[in-house]
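This report concerns only the one structure given below.
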Amino acid sequence: MRIDVVTIFPEYLAPLELSLLGKAQRDGILQIRVHDLREVTTDRHRTVDDTPYGGGAGMVMKPEPWAAALARVCADGPTGQRPVLIIPGPGGERFTQQLARELAQEPWLAFACGRYEGIDERVYAHAADHLRVRTISLGDYVLNGGEVAVLAMVEAMGRLLPGVVGNAESLVEESHEDGLLEYPVYTKPASWTRDGVTREVPPVLLSGDHGAIARWRHAQRLERTAARRPDLLAPAAAVGALADLDAALATPADLPELVVLTRACWVPEAAASGTFDFPPFTDGVPELTASLSEWTTYVWRAAGRLVASIRVRRDPEDDRVWQLGRFMVAPDLQGRGIGQEILTFAESLAPRDVSTIWINTGRVSERNIRIYRKAGFRLAPWDSQVHPATVDLIKSPRSRADKG
Ligand code: ADE
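Add 785 to the 1-based position in the sequence shown for our numbering, that's all there is to it.
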């Protein structure tokens, strides 16, 4: 990949020579050229800015040096090729891992680093006549110029290029790669004392049980994401039927209400099957307390009232199966699309290596079966793994590409 950066502070980009990106350049995976915008100026003072029309604070970057610099960059490339031009700025689209992945596919990127109050707006229009132009922001804060943003973007993209990060696997389970934050990591010693406090590595990591370690790590990713970035867990919630509900990981304090909601939601199934003798009716707070360490349970509240829940986990007997359970929406709120979004959300939490999503419901629960079928589940071609009065439903995970 080739990268050109135009700036009035070329020295700012020196760190691109270091570490993995420096090595990638020496290995020929990445070619980075940094250009001084002032080189194309024609006046004695090498002027690149002037006062803003209409008044106001600060200075604005003049159009002509930018047009000349961009023309020079383009002229220096392989014939017929043009770079994608990225202009960093706080008013741009948000830079994300997804965007890093997308841009890492481009053979040639050029960055235009603005300073002062920004670049004359006509430069954007002029550049768009010749190039694909994207204005990209690092986040909702203001930097002094685009250079730091270029460092961040080039590093995020560069490490995705094949051969840059030695162990490609280490790219997979990182924060944001699949929408979740990463799990906590530990190294030796297993027991560490400082200031009179001893802190242990979680015993599961010393157990040698790879299945248990994978389950623990995935649960940690879910918990961290729910605690630190709940917005990542349910992006659809911002616009859809979940928009007015507050999502949270279930805690022991939720369990009495969860018992009541479970009973209310399973009444139709009890009526249809003629028995109350199944776990959603017989489980009380003690059973649900135990379940909190076996499953990751989510609850949704409307104006403080617990109105929906689902729990998820890897099947302890088959790591490749992602189980959904106790899927419920308060009877008075059913039929509004909340359930569909919760199902989509629970599926989206499945680890990448899962091959089957699994859910179980009463054999006579026609309504549930209808909802699951609509969500792409089909009846499993085997007898229920839970109880003869129930059926298993399965589906393949949505491909990551579907999730955008
Ligand atoms: N230049 C100034 N602020 C910026 C930001 N937040 N992102 C990218 N470039 C910038």
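Glycine included, each C-beta is placed from N, C-alpha and C at the ideal position.
All values reported here derive from a predicted model rather than from experimental measurement.
Pull up the distance between the alpha-carbon of residue i and that of residue j, whole angstroms please.
| i | j | result |
| --- | --- | --- |
| Ala1033 | Trp1080 | 14 angstroms |
| Gly1161 | Thr1146 | 15 angstroms |
| Pro1015 | Val858 | 43 angstroms |
| His995 | Asp1100 | 14 angstroms |
| Ala1021 | Ala1093 | Interpretation of Ala1021 is limited by its pLDDT of 46, a score under 50 that renders its predicted location unreliable; the figure taken from the coordinates is listed afterwards. Their backbone Cα atoms lie some 16 angstroms apart in a straight line. |
| Ile946 | Pro1071 | A small fix is needed here, since residue 946 is Leu in this sequence, not Ile. Their backbone Cα atoms lie some 50 angstroms apart in a straight line. |
| Tyr901 | Lys847 | 11 angstroms |
| Val1097 | Leu1164 | 19 angstroms |
| Arg1002 | Arg944 | 24 angstroms |
| Pro1192 | Val989 | This structure does not reach residue 1192, given that the chain is present from 786 up to 1189, and the question cannot be answered. |
| Glu891 | Arg1086 | 44 angstroms |
| Gln816 | Tyr909 | 25 angstroms |
| Pro1173 | Phe1063 | 11 angstroms |
| Asp925 | Gly1120 | 37 angstroms |
| Thr1141 | Ile1179 | 6 angstroms |
| Glu1054 | Thr1047 | 11 angstroms |
| Ala889 | Arg1111 | 41 angstroms |
| Gly964 | Ala1011 | 11 angstroms |
| Arg823 | His961 | 38 angstroms |
| Arg1148 | Ala1088 | 34 angstroms |
| Thr864 | Pro800 | 30 angstroms |
| Pro837 | Val845 | 6 angstroms |
| Glu932 | Thr827 | 24 angstroms |
| Val950 | Lys973 | 24 angstroms |
On the three-state DSSP scale, how would you describe residue i?
| i | result |
| --- | --- |
| Glu1264 | The chain is shown only over 786 to 1189; residue 1264 falls outside these bounds and no answer can be derived. |
| Phe1066 | helix |
| Arg996 | Just to set this straight, residue 996 is Gly in the shown sequence, not Arg. Helix, per DSSP. |
| Ile1127 | helix |
| Thr1074 | helix |
| Gln1108 | strand |
| Tyr770 | Residue 770 lies beyond the range of the chain shown here (786 to 1189); nothing can be said about it. |
| His1139 | The residue you asked about is not His; residue 1139 is Val in the sequence shown. Correct three-state label for Val1139: coil. |
| Thr826 | coil |
| His961 | coil |
| Gln816 | strand |
| Gly1013 | As written in the sequence, residue 1013 is Arg, which differs from the Gly given in the question. Here Arg1013 sits in helix by DSSP. |
| Arg917 | strand |
| Arg831 | coil |
| Val791 | strand |
| Val845 | strand |
The beta strand (DSSP E) with residue i in it runs from where to where?
| i | result |
| --- | --- |
| Gln1119 | No beta strand (DSSP E) holds Gln1119; DSSP gives it neither H nor E. |
| Arg1096 | 1090–1100 |
| Glu878 | 869–879 |
| Glu985 | 982–985 |
| Leu776 | Absent from the structure is residue 776, since the part of the chain shown begins at 786 and ends at 1189. |
| Thr750 | Nothing can be reported for residue 750, as the shown portion of the chain is limited to 786 through 1189. |
Assuming the contact rule is C-beta atoms closer than 8 angstroms, residue i and residue j should be a hit. Round their C-beta distance to whole Å, please.
| i | j | result |
| --- | --- | --- |
| Leu1077 | Ala1035 | 6 angstroms |
| Ile1095 | Leu1118 | 14 angstroms between Cβ atoms; not a contact. |
| Gly948 | Asp812 | 7 angstroms |
| Trp1051 | Pro1065 | 4 angstroms |
Taking the continuous alpha helix (DSSP H) assigned at residue i, which residues delimit it?
| i | result |
| --- | --- |
| Ser1181 | No alpha helix (DSSP H) contains Ser1181, which DSSP labels as neither H nor E. |
| Ala860 | 848–860 |
| Leu801 | Run containing Leu801: none; DSSP gives neither H nor E here. |
| Glu932 | 932–943 |
| Arg1221 | Residue 1221 is absent from the model: the chain starts at 786 and stops at 1189. |
Ignoring anything shorter than 4 residues, give me the alpha helix (DSSP H) runs that lie fully in the stretch 1148–1177, in order along the chain.
For the stretch 1148–1177, whole alpha helix (DSSP H) runs of length 4 or above, ordered along the chain, are 1151–1159.
Could you tell me which whole beta strand (DSSP E) segments of length 3 or greater appear in the stretch 1018–1051?
Counting only runs of 3 or more, we get 1031–1034.
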